Amino acid sequence: MNRQGALKTILMLASLGAASGQDATFRTETRLVEVYATVRDHSGRYMDGLPRERFEVRDNGQAQALVAFESNASSLSCAILLDTTGSMADVLPVVKNSIIKLIDAMSDGDSVAIFGFANGLNRLQEFTTDKASAKQAVLRTRAAGATALFDAISEVAREISPRSGKKALVVFTDGQDNASLLNAERAIQRAKKAGVPVYTIAEGDALKTKDLLKELKDISEGTGAVTFEARRTKDIVDIFQDISGDLRHTYLLAYKPPPDTSQRWRTIQLNVVGVKDAKIRAKEGYLPE
């Protein structure tokens, strides 16, 4: 199927979903702009169950028609990228337990994949809905090696980007990158281009480097996610619980990008109609293909 044919198929499926009143699950054979969003009311409580008609998306100020929409109740593909370098030995048991709780909290239809990184990327468990297998992969991790953080983030974000439906990447690191081929700027660009929300957690020596903290913040905020700093070991459990809650309350909207040959940054504005003082978190723009 050529690109035009693929887009027609996506549009047809989205139209059928809208006509039936159901969310339209979509695949990204044709590159769409995906916008992940969480919506809270004035008290900070998540707002679930909002229909697609409530969302307005503007690209560089121009209103866009949604090709597809998935509510907070739709299934999710979550990749967990865990620092398994030698410095993780002391904190790794707490991180493992926190990840296992996150997996347990996922819905039955959700998929999870486990990746580790040290000198390179290690695929510990491909995407699966089998929670027991995912948890076993987490428990098998061992701490050894250097830190190729940015290479790993870039590779995993790019790998999971083509998966259908909602996606997220959760990254835990305790150290400065000292083994990547990519520099931070290039890795950040690639992560933003993949369009997958990247939640980052910094702990240990990673908290001592202002540049690294800024880079992690750029990756997370640039993809519509959140960055965290675990100052105490007990913070790790709370952070993973916060991320778990966020994943259960995320919407996914997608639209066909307007024609653009400039390759310049395009802004995204997202609004929820009829909700006063709604607090919306979503990425603020993207670079055209």
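Per the working numbering, the sequence shown runs over residues 8 to 296.
Glycine residues also receive a C-beta, built at the ideal position from the N, C-alpha and C atoms.
Computed from a predicted structure; not experimentally measured.
Neighbour-count burial assignment, residue i, 16 or more Cβ in a 10 Å radius
{"i": "Asn79", "result": "buried"}
{"i": "Asp48", "result": "exposed"}
{"i": "Lys199", "result": "buried"}
{"i": "Thr234", "result": "buried"}
{"i": "Gln270", "result": "exposed"}
{"i": "Arg238", "result": "exposed"}
{"i": "Leu146", "result": "exposed"}
{"i": "Glu296", "result": "exposed"}
{"i": "Gly172", "result": "buried"}
{"i": "Glu210", "result": "buried"}
{"i": "Asn162", "result": "Sequence inspection shows Glu at residue 162; the Asn mentioned does not correspond to that position. Looking at its Cβ environment, which holds 16 or more other Cβ atoms inside 10 Å, Glu162 is buried."}
Under 7 Å between C-beta atoms of residue i and residue j
{"i": "Phe124", "j": "Ala155", "result": "yes"}
{"i": "Thr180", "j": "Thr91", "result": "no"}
{"i": "Asp225", "j": "Ile195", "result": "yes"}
{"i": "Ala164", "j": "Leu128", "result": "no"}
{"i": "Val42", "j": "Ala201", "result": "no"}
{"i": "Leu260", "j": "Phe134", "result": "no"}
{"i": "Pro204", "j": "Gly229", "result": "no"}
{"i": "Asp212", "j": "Gly182", "result": "yes"}
{"i": "Ala186", "j": "Glu222", "result": "no"}
{"i": "Ser118", "j": "Ser84", "result": "yes"}
{"i": "Asp66", "j": "Arg273", "result": "yes"}
{"i": "Tyr258", "j": "Ala44", "result": "yes"}
Cβ neighbours of residue i in the same chain (closer than 7 Å, five flanking residues each side left out)
{"i": "Thr240", "result": "Val98 and Val101"}
{"i": "Gln132", "result": "Ala120, Ile121, Ser140, Ala141 and Ala144"}
{"i": "Ala150", "result": "Thr91, Thr92, Gly93, Met95, Ala96 and Leu99"}
Spatial neighbours of residue i in its chain, beta-carbon cut-off 6 Å, leaving aside the 5 residues before and after
{"i": "Lys142", "result": "Ile107 and Ile110"}
{"i": "Gln29", "result": "Bear in mind that the predicted position of Gln29 carries a pLDDT of just 46, short of 50, making it too unreliable to give a figure here."}
{"i": "Met54", "result": "Val46 and Asp48"}
Cβ shell of residue i (< 8 Å), same chain only, five flanking positions each side left out
{"i": "Tyr206", "result": "Ala175, Leu176, Val177, Val178, Ser227, Ala232, Val233, Thr234, Phe235, Ile250 and Asp253"}
{"i": "Gln69", "result": "Pro265"}
Counting pairs of beta carbons, one from the stretch 277 to 284 and one from the stretch 199 to 219, are three or more of them closer than 8 Å?
no
So does the stretch 94 to 110 actually touch the stretch 71 to 78, counting three or more Cβ pairs closer than 8 Å?
The stretch 94 to 110 is not in contact with the stretch 71 to 78.
Enumerated in chain order, which unbroken segments of the alpha helix (DSSP H) with a length of 4 residues or greater are wholly contained in the stretch 180 to 236?
Secondary structure remark: continuous alpha helix (DSSP H) runs of at least 4 residues inside the stretch 180 to 236, in chain order: 191 to 201 and 217 to 229.
Residue ranges of each beta strand (DSSP E) within the stretch 53 to 88, 3 or longer
62 to 66, 69 to 71 and 75 to 77
Can you list the beta strand (DSSP E) stretches of 3 or more residues lying completely in the stretch 141 to 167, in chain order?
none
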